[in-house]
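Asker: Starting off with a structure, shown below.
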Amino acid sequence: MRLKPRGISAVWALVLFALLLSSGPAFGEVTLIYPQDRTLVAGKSVTLYGYTDGEESFQVQVNFLKKIDVESEGFFSVEVPLIPALNVVSVGGETVRLFSLPGAKLDTFVFKTAKEETTFTSFRLHPALEEGCESCHSLEEGDLQIPEDLKETCFSCHEDFTKDDDEEEREFIHGPVAEGECVSCHTPHFSKNPKLLVEYPPGKLCVTCHDDKDPSEVEGTTIHRPVAKLECQRCHSPHASDAEYQLVRKGNSLCLGCHETPHPNHRKASTTKEMTVIPDDFPRDGEENLACIGCHSPHFSENPRLFRIPEVKLCTTCHRL
C-alpha cells in the first residue's frame, strides 16, 4: 500500500539523505541488532537494541540534531524519539533510516522523492527483547554468544511442543524441533512475518526443506487444495503430534474434517459381496473402515480425484474381474 506523506517536504528528505552520507565518527564498537535500515515504525519513538564490546559509552544521534548519551555494560536498549516523517538515527558507527507513521497498520510504506522510491518495512519483535538480550545471550570479550542448548533456551519461555497436556512426550516430533533448531523456521529477534517465521505463508517455509511437495514443481494434473494453497498446517502440525507424519488428527478423521460427507459408494472392509475382495495389505483405518489414502494421494496425483494409480487399475485392486 502506498500513501503520500503529509507535511514532509522533499527538501527535508534530501537534507537527511545528504547528512547520512557525511555522518560523524563512531563512539566505540557498537553493534545494533534492531532496528535495521529502512524500518517502518508505527509509533512516535523506537527502542534500539544492541550490544557493545565492553563497558562503553556512546552516543545516539537522531536526525543529526538530538544527541543521547548511553552508558552500556554490554547489552543496551534505549528509547529514542522520532518525528512523524523520515528519521535518520546514528548509533555508534551505524546509521539507519526509519520512517515514523504513528498508528499505521501497514506492512510496508513507499516513500517517494523526486529522484527515488524507498520502501520501509514493519517488523514484529520477539517479546524476549523487552526482557533484555541477556535472557537468551551472554557476551564474552564483546562477542555475542549463542546458547549451546537452543531448545532449552526457547522452552524456558515457550511451552514444550514435544509434550502433550499430560506432559507426556508426543510420538512424532518434527525434526527441527527434536534437534532444537527453532531458528530454522523462526527468526530470533524480529521478522516481517507473523510468528517470526523465516518465510510466509508457512507453507512456503515448509517447501524450502520438503521441496518434493512444492506445488510449483509438480506436473500432476490434480493437486490437493491445501497443498496448492501452501496450507500445510491444515493437515500437519509444525511441531509435534501423536499421529504419523505429524498429522493433526489420525486416520480418516483428518480427511473427514473437510470432506464431511464421503461418497455413498465408498466401501468398508466388512463387505461380503463376491465381486469385492480387499487385499490384506490394503491401508485400513481401524478394524472396519478402509483408509482414504488407500485410494487417494494426500498431496497430488497424475490421475483425477487424486487417485494413487489410474482409475481402472485402482478399481481392480479390490474388484477383480
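My numbering runs 474 ahead of the 1-based position in the sequence shown. Where a beta carbon is used, it is the ideal one built from N, C-alpha and C, also for glycine. Nothing here was measured: the structure is a model prediction, and the numbers come from that model.
(1) Check whether the Cβ atoms of residue 659 and residue 712 sit closer than 9 Å, and answer yes or no.
(2) Distance check for residue 772 and residue 793, CA to CA, integer angstroms please.
(3) How would you call residue 625, buried or exposed, if buried means at least 16 neighbouring beta carbons within 10 angstroms?
(4) For residue 636, which residues of its own chain have a beta-carbon under 8 Å away from its beta-carbon, when the five flanking residues on both sides are left out?
(5) Out of 757, 512 and 610, which one is the CA nearest neighbour of residue 584?
(6) In the structure shown, what three-state DSSP assignment does residue 673 receive?
(7) Could you check the C-alpha separation between residue 615 and residue 591 for me, to the nearest Å?
(8) Using only CA atoms, which one of 604, 627, 791 and 598 lies nearest to residue 610?
(9) Does the distance from the C-beta atom of residue 555 to that of residue 540 stay below 9 Å?
(10) For a minimum of 4 consecutive residues, which ranges assigned as the alpha helix (DSSP H) are wholly contained in the stretch 549-625?
(11) For the stretch 670-690 against the stretch 720-733, do three or more pairs of beta-carbon atoms, one drawn from each stretch, fall closer than 8 Å, so that the two count as touching?
(12) Cα-Cα, which of 521, 515, 564 and 550 is closest to residue 535?
(13) Give me, in chain order, the residues of the same chain whose beta-carbon lies closer than 6 Å to that of residue 593; leave out the 5 immediate sequence neighbours on both sides.
(14) So, at 7 Å on beta carbons, what are the nonlocal neighbours of residue 796 in its own chain, with the 5 sequence-adjacent residues on each side left out?
(15) Between the stretch 671-686 and the stretch 745-765, do at least 3 Cβ pairs fall closer than 8 Å?
(16) If you draw a straight line from the C-alpha of residue 558 to the C-alpha of residue 548, how long is it?
(17) Taking DSSP's pairing of strands, which residues face residue 719 in a bridge?
(18) What does the alpha-carbon distance come out to for the pair residue 782 and residue 709?
(19) Taking residue 569 as the reference, give the member of 522, 598, 576 and 527 with the closest Cα.
(20) Express the C-alpha separation of residue 509 and residue 532 in angstroms, rounding to a whole number.
(21) Taking the continuous beta strand (DSSP E) assigned at residue 728, which residues delimit it?
(22) Assign residue 627 to one of three DSSP states: helix, strand, or coil.
(23) Does the Cβ of residue 759 have 16 or more other Cβ atoms within 10 Å, making it buried, or fewer, making it exposed?
(24) Ends of the alpha helix (DSSP H) at residue 649?
Answerer: Well, looking at it:
(1) In this structure, residue 659 lies near residue 712, with their beta-carbon atoms less than 9 Å apart.
(2) Roughly 23 Å separates the two Cα atoms.
(3) Classification of residue 625: buried, given that the 10 Å Cβ count is 16 or more.
(4) Hits under 8 Å: 643, 644, 647, 651, 652, 713 and 714.
(5) Taking each of 757, 512 and 610 in turn and checking the Cα distance to residue 584, the smallest one comes out for 512.
(6) Collapsing the DSSP output to three states places residue 673 in coil.
(7) The straight-line gap from Cα to Cα measures roughly 41 Å.
(8) Of 604, 627, 791 and 598, the residue nearest in Cα terms is 627.
(9) Yes, the Cβ-Cβ distance between residue 555 and residue 540 is below 9 Å.
(10) Counting only runs of 4 or more, we get 602-605.
(11) Verdict: no, contact absent.
(12) Considering only alpha carbons, the answer is 564.
(13) Excluding sequence neighbours, residue 593 sits near 582 and 584.
(14) Since the first residue of the chain shown is 475 and the last is 795, residue 796 is not available in this structure.
(15) Touching, no, given that fewer than three Cβ pairs across the two stretches are closer than 8 Å.
(16) For residue 558 and residue 548, the gap between their C-alpha atoms comes out near 31 Å.
(17) Answer by DSSP bridge pairing: none, since residue 719 is not bridged.
(18) Linking residue 782 to residue 709 through their CA atoms gives a straight-line distance of about 19 Å.
(19) Considering only alpha carbons, the answer is 522.
(20) Cα to Cα, residue 532 sits roughly 17 Å from residue 509.
(21) Taken as a continuous stretch (DSSP letters only), residue 728 belongs to no beta strand (DSSP E), being part of the alpha helix (DSSP H) at 726-729.
(22) DSSP places residue 627 in the helix class (H, G or I) of the three-state scheme.
(23) If you draw a 10 Å sphere on the C-beta of residue 759, you find 16 or more other C-beta atoms in it, and that means buried.
(24) Membership of residue 649 in the alpha helix (DSSP H) is indicated by the continuous run 649-652.
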